[in-house]
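Notes to accompany the following structure.
Protein chains: 2
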Amino acid sequence: MTDSQARTSESTRARRSDAQRSVAAILEAAQACLALDPDASTAEIARAAGVGRVTLYGHFGSRLELVDQTFARSMARAEETLDQVDLSGDARDGLARLIGSSWTLIARSRSILVAAQRTLPPERIRELHDRPMRRVQDLIERGQAVGAFRTDLPTTWMVATFYSVLHGAADEITAGRLDSDSAADLITSTILPCFARDPAPSR
Amino acid sequence: MTDSQARTSESTRARRSDAQRSVAAILEAAQACLALDPDASTAEIARAAGVGRVTLYGHFGSRLELVDQTFARSMARAEETLDQVDLSGDARDGLARLIGSSWTLIARSRSILVAAQRTLPPERIRELHDRPMRRVQDLIERGQAVGAFRTDLPTTWMVATFYSVLHGAADEITAGRLDSDSAADLITSTILPCFARDPAPSR
DNA sequence: CCCAACTTGTACAGCACTGTTCGAGATACG
DNA sequence: CGTATCTCGAACAGTGCTGTACAAGTTGGG
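In order, the protein sequences belong to chains U and S.
Per my numbering, the first sequence runs over residues -17 to 185.
Per my numbering, the second sequence runs over residues -17 to 185.
Here it is in structure tokens:
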């Protein structure tokens, strides 16, 4: 009664158009604000969305819920892009292509990930991270099966390394020690020899 | 007058022994607490040190100052250990030894680094990070000069990769997906082929 | 046109934290 | 032993946040 818009689960009653616009604006603003500061307050986000703080709480029960939806949306969007990456053919080429598409996404949404990690329970993070991670893992496993990638390292670890380097690259860029243009090539030429068969002729 | 112990720069007046003990206990507790939670409050730290909160503020002007000193001490200790690593001889072996010694240190002080990053200005972080980083950089450059490491990647980037993988390993351990025993070998056999000359025979 | 849905600012309660003050008590150390 | 140094708890001011309540306005949509 008192609360005008109580949605949160059940009641799929279509929202009025202006309400939909508000929600969209808030999510957009949250994405932008959290990217700048993972600790952005609801006041900041509401202001950036051009909306009253009360309105924000009308649509999202809590800050946590807002962060959750923002993160989920960010991941969903990323997945849309990743879905279009051609992973067939040579596993090495596939990995290169995957890197090319992934690293920009990661660089952009990394700060949101931090925000999510600070407010969401770990299992929720993993839940949303699972699908994109699985994608990498599948590719690596295929490469191993075909003999393109080394098999002396656990797949899990290789996936972790993949993400470590990508995130590291994002760090280097925000630190200004690396420019975005050369990033993809750099990452690729770093990871490929690390994943390739023949551990290196040294020793 | 009112403030009993005002040290902070100048006045190298020797502290009384119990005061020294308090300072030591606080720093130790800070290390432990910040390792568990990078946002640990002064109250928590004081309690863990078995000391009143007021006492803590008697020795450290602010939380920032405490974090700074804790981080600095942690880095100094790490450097002591790192100083004893033999980096002469084959660059690859040197790197392997450096990894062996570094990764434990990183795994232990990683959370403190996070705390430092959240409270200290970025240039202060860099200032304290500079020396250990230089160590890695020098080794890599030497390896490049001798022909052991590839030269097609910027040294800065290789250093960044080095740290990325180490931190990534630490993450994997705290996530329970990797056990401490196998970590060093895993890291080494990941990084070495990535740094080695002959980019890999593939393609 | 009308009403329910939506938005708004202000204001408030509650919390957690930082940093300071005070006054009294304990303790190192000369 | 005496004193400057140190420690303590309790208490307070100040800040910045979250989440809620209210009461009045605006707007979409049937």
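Cβ atoms here follow ideal geometry from the backbone N, Cα and C, with glycine treated the same way.
Which partner residues of residue i appear in the DSSP bridge assignment?
i                      : result
residue 131 of chain S : S:178
Starting from the Cα of residue i, find the closest Cα among the options and give me that residue.
i                      : options                    : result
residue 51 of chain S  : S:110, S:141, S:177        : S:110
residue 3 of chain S   : S:19, S:32, S:20, S:24     : S:32
residue 168 of chain S : U:13, U:83, U:39, U:143    : U:143
residue 179 of chain S : S:140, S:173, S:132, S:163 : S:132
residue 55 of chain U  : U:150, U:11, U:19          : U:11
residue 49 of chain S  : S:103, S:84, S:145         : S:103
residue 57 of chain S  : S:108, S:76, S:68          : S:108
residue 13 of chain U  : U:83, U:34, U:37, U:45     : U:45
residue 67 of chain S  : S:47, S:117, S:53          : S:117
residue 84 of chain U  : U:101, U:114, U:75, U:71   : U:114
residue 157 of chain U : S:76, S:138, S:59          : S:138
residue 53 of chain U  : U:101, U:65, U:63          : U:101
residue 37 of chain S  : S:65, S:119, S:5           : S:5
In whole angstroms, give me the CA-to-CA distance for residue i and residue j.
i                      : j                      : result
residue 41 of chain S  : residue 161 of chain U : 43 Å
residue 28 of chain U  : residue 22 of chain U  : 10 Å
residue 165 of chain S : residue 135 of chain S : 25 Å
residue 153 of chain S : residue -1 of chain U  : 44 Å
residue 99 of chain S  : residue 93 of chain S  : 10 Å
residue 16 of chain S  : residue 159 of chain S : 23 Å
residue 24 of chain S  : residue 90 of chain S  : 21 Å
residue 61 of chain U  : residue 96 of chain U  : 18 Å
residue 112 of chain S : residue 175 of chain S : 26 Å
residue 88 of chain S  : residue 127 of chain U : 34 Å
residue 8 of chain S   : residue 106 of chain S : 22 Å
residue 19 of chain S  : residue 43 of chain U  : 27 Å
residue -15 of chain S : residue 151 of chain S : Note that residue -15 of chain S scores a pLDDT of 44, beneath 50, so its modelled location is shaky; the value from the coordinates is reported in the next line. Roughly 46 Å separates the two Cα atoms.
residue 145 of chain S : residue 177 of chain U : 18 Å
residue 170 of chain U : residue 81 of chain U  : 7 Å
residue 163 of chain U : residue 75 of chain U  : 19 Å
residue 39 of chain U  : residue 35 of chain S  : 36 Å
residue 26 of chain U  : residue 59 of chain U  : 24 Å
residue 141 of chain U : residue 119 of chain U : 6 Å
residue 1 of chain S   : residue 86 of chain S  : 32 Å
residue 173 of chain S : residue 172 of chain U : 9 Å
residue 123 of chain U : residue 63 of chain S  : 38 Å
residue -3 of chain U  : residue 47 of chain U  : 18 Å
residue 129 of chain U : residue 71 of chain U  : 13 Å
residue 155 of chain S : residue 65 of chain U  : 30 Å
residue 30 of chain U  : residue 30 of chain S  : 41 Å
Do residue j and residue i count as a contact pair if the criterion is CB distance below 8 Å?
i                     : j                      : result
residue 73 of chain S : residue 125 of chain S : yes
residue 69 of chain U : residue 121 of chain U : yes
Using 7 Å as the cut-off, classify the Cβ of residue i as near or not near the heavy atoms of the ligand SAH, replying yes or no.
i                     : result
residue 51 of chain S : Looking at this structure, you won't find the ligand SAH or any other ligand, since it has none at all.
Check each residue of the segment 144 to 159 of chain S: if its Cβ is closer than 8 Å to any Cβ of chain U, include it; give the result in chain order.
-> 145, 146, 147, 149, 150, 151, 153, 154, 159
Contact set between the segment 23 to 48 of chain U and chain S, restricted to residues whose Cβ is under 9 Å from the partner | none
Quick one: which residues of the segment 84 to 111 of chain S get their C-beta closer than 8 Å to a C-beta of chain U? List them in chain order.
-> none
Of all the residues that make up the segment 60 to 74 of chain S, which are near chain U by a beta-carbon distance shorter than 8 Å?
-> 74
Taking only beta carbons into account, state which residues of the segment 112 to 139 of chain S come closer than 9 Å to chain U, listed in chain order.
-> 130, 132, 134, 135, 136, 138, 139
Output, in sequence order along the chain, the residues in the segment 159 to 177 of chain S whose CB is closer than 8 Å to any CB in chain U.
-> 159, 160, 168, 171, 172, 173, 174, 175, 176
Got a sec: which bits of the segment -6 to 21 of chain U sit with their beta carbon under 8 Å from any beta carbon on chain S, in order along the chain?
-> none
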